[in-house]
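Student: Mind looking over this structure? Questions follow.
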Amino acid sequence: METTKTKLVEAILKSLKSSKLVFKGDLQVSYPNIDSHGDYTTNVAMQIANLEANNPLETAEKLKASLLGNKFINKTFSKIEVAKPGFINFFFSPEFLSNKANKLLKSRKEYGLTKLGKGKSVQVEFISANPTGPLTLGNGRGGFYGDVLGNVLKRVGYDVQKEYLVNDAGNQIKILGHSVLKDQEAQYKGQYIDDLNKELGSEKDVKLVGKKAAEIILNDLIKKTVKEKMQITFDDWFHEEKELKASGKIDKIIKKVKEGNHTYEKDKALWFKSEELGDTRDRVLIKSNGDTTYLAQDFAYAESKFGERRFDKGIYVWGADHHGDVSGLLNAVKVLGYEGRAEVILTQFVKLIKDGKEVRMSKRSGDYVTMSELIDLVGHDVVRFIFLMYSNSTHMEFDLSIAEEKSEKNPVYNVQYVSARMNSILNQIEISESRIGNSKINLDEECEINLVRALLKWPEILEEISTSFMVQLLPKYAIEIANNFHRFYDKCRVISNGKIDPSRVKLLQLTQRIYKEILTTIGISIPDKM
RNA sequence: GCCCCGGUAGUUCAACGGAUAGAACAACGGCCUUCUAAGCCGUGGAUCUAGGUUCGAUUCCUAGCCGGGGUACCA
48 METTKTKLVE AILKSLKSSK LVFKGDLQVS YPNIDSHGDY TTNVAMQIAN
98 LEANNPLETA EKLKASLLGN KFINKTFSKI EVAKPGFINF FFSPEFLSNK
148 ANKLLKSRKE YGLTKLGKGK SVQVEFISAN PTGPLTLGNG RGGFYGDVLG
198 NVLKRVGYDV QKEYLVNDAG NQIKILGHSV LKDQEAQYKG QYIDDLNKEL
248 GSEKDVKLVG KKAAEIILND LIKKTVKEKM QITFDDWFHE EKELKASGKI
298 DKIIKKVKEG NHTYEKDKAL WFKSEELGDT RDRVLIKSNG DTTYLAQDFA
348 YAESKFGERR FDKGIYVWGA DHHGDVSGLL NAVKVLGYEG RAEVILTQFV
398 KLIKDGKEVR MSKRSGDYVT MSELIDLVGH DVVRFIFLMY SNSTHMEFDL
448 SIAEEKSEKN PVYNVQYVSA RMNSILNQIE ISESRIGNSK INLDEECEIN
498 LVRALLKWPE ILEEISTSFM VQLLPKYAIE IANNFHRFYD KCRVISNGKI
548 DPSRVKLLQL TQRIYKEILT TIGISIPDKM
């Protein structure tokens, strides 16, 4: 399915050509921020005027004249308007809106499914926290982000795999062992370390203790939190030790990189020539003691993603504290011949405020609130929705006191209240009534029209997120629908003095169907009543 | 020092170089004898500073100021 927006873009491109207007670059079609500017707007006339130093209004008029000859345009819009500096605004025709609504009503398919990514595979790798402690709020942020990004990509047609990389082979496992044994080299602290100490404290072999502890942490803390608390299902848990180290893939890839003349030895260590590829410095692959580094693992992991498993694209969702490693990774990907396939997204930190003070979060000090605890405190839907509202590049502040005390006033309740209200109305109606069964949606009132206008954006929002990775647009969109629905609820009664409006029942059913898709994509529950 | 991110309403956040900078919460004033008032209607309220580029800058550039993170043969 092609979205209306895509068709409009195509129509404009066609008209530009036939009007002999030259435009290079990305054609921008967007939603105006006020209703009086229509349903879509484009600034292309002003951009052309910019290049050619002519009058944008004239260009806009010329383009408009050509667009009026387009069949799709005439079918879809009842008004095209050239506005002030040079915008061209498009207004949906009432017939288009009601035809579209009725067509959707009949269709069995989910509305928010498109073919943008058809035939392409993408892997989203996220959280990937070391198995050395419980998941933090920072891990949680990347978790919800990656989960929903994966959902969105799936909807626009990509073959998506969600993966968690388990770092169970590095030096941190040894440190975990020391920590559990509480010896001189201990670093991690916290209740879970004390518990592990009781269980494994009598062992002698540090490495073995670390390995066992990591397994327990992975199963009892991480996997449980991910599945039961965060409600995320990974397609794959990729174990570094088993998949990369033990199978010799790290050694193999290093050999290949060596042969490609991308390395040198210095101070008994093996270095990757990253600086000549634009990095700030060269990076160690094999330490002088013979251990491989994180970067060496990244080489092997990238080879696994792009070489062996052949993902067209790999999205790495990392915490911002890893930003220094990004160019190392991207250069590794480049050297392996997969340039352009890896995309790194950094999520900034979560600052937790409690009683007006910042709670410092650190695994090494043991002083933190875990993701699991936070969800227990305020509920999964609330945490997920609020976390998702933030752009990944924003430093977010989560006030625990407010979340606890005012969780009822969170936007997620407003959003979920919609489904409770819809359900409540529909429960009171005999759907089997033949009169309703054959009814069509008529859009007469503003509250009905605006609801449909908002609903029609759904596939377009998904496509936009799939290319911009701006996951925060999704909860924002849910709020937009919610606001439109609540207005509809207030002004356009479905049942009035015992009389049922069949058209509105149909509109309600359509809204309910699409709304379920939206909340499912976000990953929050759809309550029948509240 | 260098690198990354941020500085927008009382608060937490949005905003592909575009039109009158949006929401949510908070504040204030209305609305429950008809589908759930966790709602609706209305009011007030914001782009860190100084330059620059542009027809147009919250957005891009330069220089500051403030906050967070990174800067390892740790992961």
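The numbering of the first sequence is our numbering, which starts it at 48 and goes up by one. We put the CB at the ideal spot given by N, CA and C, even for glycine.
Looking at the strands, I want to know which residues DSSP matches up with Glu-444.
Tutor: Within the first sequence, the letter at position 397 stands for residue 444. Partner(s): Lys-398.
Student: Would you mind listing the beta strand (DSSP E) stretches within the region 144–183 that are 3+ residues and don't spill past its ends, in chain order?
Tutor: Counting only runs of 3 or more, we get 168–172.
Student: Evaluate Asp-428 with the Cβ neighbour count: other Cβ atoms within 10 Å of its Cβ, from every protein chain shown; 16 or more gives buried, anything less gives exposed.
Tutor: Along the first sequence, one-based indexing puts residue 428 at 381. With 16 or more Cβ atoms within 10 Å of its Cβ, Asp-428 is classed as buried.
Student: Since Leu-509 and Val-171 should fall inside the 8 Å C-beta cutoff, what is the C-beta to C-beta distance between them, to a whole number of angstroms?
Tutor: Indexing the first sequence from 1 puts residue 509 at position 462. Indexing the first sequence from 1 puts residue 171 at position 124. That belief does not hold up - the Cβ atoms of Leu-509 and Val-171 are roughly 15 Å apart, past 8 Å.
Student: Per DSSP, Ile-275 forms a beta bridge with which residues?
Tutor: The residue given as residue 275 occupies position 228 in the first sequence. First, the amino acid is wrong: residue 275 is Glu here, not Ile. Paired residues: none, contrary to the question.
Student: For the 8 Å Cβ check, are there 3 or more pairs between the region 263–279 and the region 234–250?
Tutor: Touching, per the Cβ criterion.
Student: Is the distance from the Cβ of Leu-291 to the Cβ of Thr-310 below 9 Å?
Tutor: Here residue 291 corresponds to residue number 244 of the first sequence, with the count starting at 1. Here residue 310 corresponds to residue number 263 of the first sequence, with the count starting at 1. Their beta carbons are not under 9 Å apart, which means Leu-291 does not touch Thr-310 by this criterion.
Student: Tell me whether Ile-127 is buried or exposed, calling it buried when 16 or more other Cβ atoms sit within 10 Å of its Cβ.
Tutor: The residue you call residue 127 lines up with position 80 of the first sequence. Looking at its Cβ environment, which holds 16 or more other Cβ atoms inside 10 Å, Ile-127 is buried.
Student: Given 8 Å as the limit, is there contact between the region 213–222 and the region 457–464, that is, 3 or more CB pairs closer than that?
Tutor: Counting Cβ pairs under 8 Å, fewer than three are found: no touch.
Student: For the region 298–349, which segments carrying the beta strand (DSSP E) assignment without a break, of at least 3 residues, lie completely within its bounds, in sequence order?
Tutor: With a minimum length of 3 residues, the continuous beta strand (DSSP E) runs that stay inside the region 298–349 are 310–313, 316–319, 330–333.
Student: Among Phe-432, Thr-272, Ala-316, whose alpha-carbon lies nearest the alpha-carbon of Ile-174?
Tutor: Reading the first sequence from its first residue, position 127 is the one you call residue 174. Here the closest residue by C-alpha is Thr-272.
Student: Where do the N-terminal and C-terminal ends of the alpha helix (DSSP H) with Gln-559 fall, by residue?
Tutor: Residue mapping note: residue 559 aligns to position 512 of the first sequence, counting from 1. 549–569 is the span of the alpha helix (DSSP H), which, as asked, contains Gln-559.
Student: Note down, one range per segment and in chain order, each beta strand (DSSP E) of at least 3 residues found wholly within the region 79–126.
Tutor: Runs of the beta strand (DSSP E) inside the region 79–126: 87–89.
Student: Does the structure place the region 376–393 close enough to the region 418–433 that three or more beta carbon pairs sit under 8 Å?
Tutor: Because the criterion of three Cβ pairs below 8 Å is not met, the region 418–433 and the region 376–393 do not touch.
Student: Where does the unbroken alpha helix (DSSP H) through Gly-361 begin, and where does it stop?
Tutor: As a working mapping, residue 361 is identified with position 314 in the first sequence. It is not in any alpha helix (DSSP H) - Gly-361 instead sits in the beta strand (DSSP E) that spans 360–366.
Student: If you count every other CB in all the chains shown that lies within 10 Å of the CB of Lys-209, and 16 or more means buried, which is it?
Tutor: Here the question's residue 209 lines up with position 162 in the first sequence. Buried, since its Cβ has 16 or more Cβ neighbours within 10 Å.
Student: Based on the DSSP output, what are the partners of Asp-283 in its beta bridges?
Tutor: Position 236 of the first sequence, counting from 1, holds the residue named residue 283. Beta-bridge pairing links Asp-283 to Glu-210.
Student: Going by the CB atoms, is the gap between Ile-279 and Phe-191 shorter than 9 Å?
Tutor: As a first step, residue 191 is located in the first sequence; it is residue number 144 there, counting from the start. As a first step, residue 279 is located in the first sequence; it is residue number 232 there, counting from the start. Their beta carbons are under 9 Å apart, which means Phe-191 touches Ile-279 by this criterion.
Student: How many angstroms separate the CA atom of Gly-403 from the CA atom of Asp-446?
Tutor: Here residue 403 corresponds to residue number 356 of the first sequence, with the count starting at 1. Here residue 446 corresponds to residue number 399 of the first sequence, with the count starting at 1. Those two C-alpha atoms are separated by around 8 Å.
Student: Which of the three DSSP states is assigned to Glu-128 in this structure?
Tutor: Taking the first sequence and counting its residues from 1, the one referred to as residue 128 is at position 81. Here Glu-128 sits in strand by DSSP.
Student: With DSSP run on the structure shown, which of helix, strand or coil describes Ser-77?
Tutor: Within the first sequence, the letter at position 30 stands for residue 77. Of the three classes helix, strand and coil, the one that applies to Ser-77 here is strand, per DSSP.
Student: According to DSSP, is Lys-404 part of a helix, a strand, or is it coil?
Tutor: Looking up residue 404 in the first sequence gives position 357. Here Lys-404 sits in strand by DSSP.
Student: Which ranges does the beta strand (DSSP E) cover as unbroken runs of at least 3 residues, wholly within the region 200–254, from first to last along the chain?
Tutor: Taking only runs of at least 3 residues, the beta strand (DSSP E) segments lying wholly in the region 200–254 are 206–213.
Student: Tell me the residue span of the beta strand (DSSP E) that contains Asn-136.
Tutor: Position 89 of the first sequence, counting from 1, holds the residue named residue 136. Start and end: 134–139.
Student: If you compare alpha carbons, which of His-286, Leu-376, Asn-218 is closest to Leu-255?
Tutor: In the first sequence, residue 255 corresponds to position 208, counting from 1. When only C-alpha atoms are compared, the closest one is Asn-218.
Student: Hey, out of Gly-237, Lys-122, Leu-376, Ala-525, whose CA is closest to Leu-435's CA?
Tutor: Taking the first sequence and counting its residues from 1, one reaches residue 435 at position 388. Of Gly-237, Lys-122, Leu-376, Ala-525, the residue nearest in Cα terms is Ala-525.
Student: DSSP on Thr-50, reduced to helix/strand/coil?
Tutor: Within the first sequence, numbered from 1, the residue matching residue 50 stands at position 3. Coil at Thr-50, not helix or strand.
Student: For Glu-250 and Leu-228, what's the separation of their Cα atoms in angstroms?
Tutor: In the first sequence, residue 250 corresponds to position 203, counting from 1. In the first sequence, residue 228 corresponds to position 181, counting from 1. Roughly 8 Å between the two C-alpha positions.
Student: Taking Val-499 as part of the alpha helix (DSSP H), name the residues at either end of that continuous run.
Tutor: Within the first sequence, numbered from 1, the residue matching residue 499 stands at position 452. Here the alpha helix (DSSP H) through Val-499 covers 493–502.
Student: Can you confirm whether the region 349–366 touches the region 325–339 when touching is taken to mean that 3 or more C-beta pairs between the two stretches lie within less than 8 Å?
Tutor: The region 325–339 is not in contact with the region 349–366.
Student: Measure the Cβ-Cβ separation of Phe-432 and Ile-569 and say whether it is below 9 Å.
Tutor: As a position in the first sequence, residue 432 is number 385, starting the count at 1. As a position in the first sequence, residue 569 is number 522, starting the count at 1. Against a cut-off of 9 Å, the Cβ pair of Ile-569 and Phe-432 comes out as a contact.
Student: Quick check on the DSSP output: the alpha helix (DSSP H) that includes Val-462 runs from which residue to which?
Tutor: The count along the first sequence starts at 1 and reaches residue 462 at position 415. Counting along the chain, the alpha helix (DSSP H) containing Val-462 begins and ends at 458–474.
Student: Could you check whether Thr-51 and Leu-503 sit closer than 9 Å to each other, using their CB atoms as the reference points?
Tutor: Locating residue 503 in the first sequence gives position 456, counting from the first residue. Locating residue 51 in the first sequence gives position 4, counting from the first residue. In this structure, Thr-51 lies closer than 9 Å to Leu-503 by Cβ.
Student: What did DSSP end up calling Ser-572 once you bin it into helix, strand or coil?
Tutor: Taking the first residue of the first sequence as 1, we reach residue 572 at position 525. Three-state result, Ser-572: coil.
Student: Out of Lys-276, Arg-468, Glu-288, Leu-473, point me to the one whose CA is closest to Met-418's CA.
Tutor: By one-based count along the first sequence, residue 418 stands at place 371. Minimum Cα distance to Met-418 is reached at Lys-276.
Student: Go to Asp-537, then tell me how far its alpha helix (DSSP H) extends in each direction, as first and last residue.
Tutor: In the first sequence, the residue the question calls residue 537 occupies position 490. That run of the alpha helix (DSSP H) goes 520–538.
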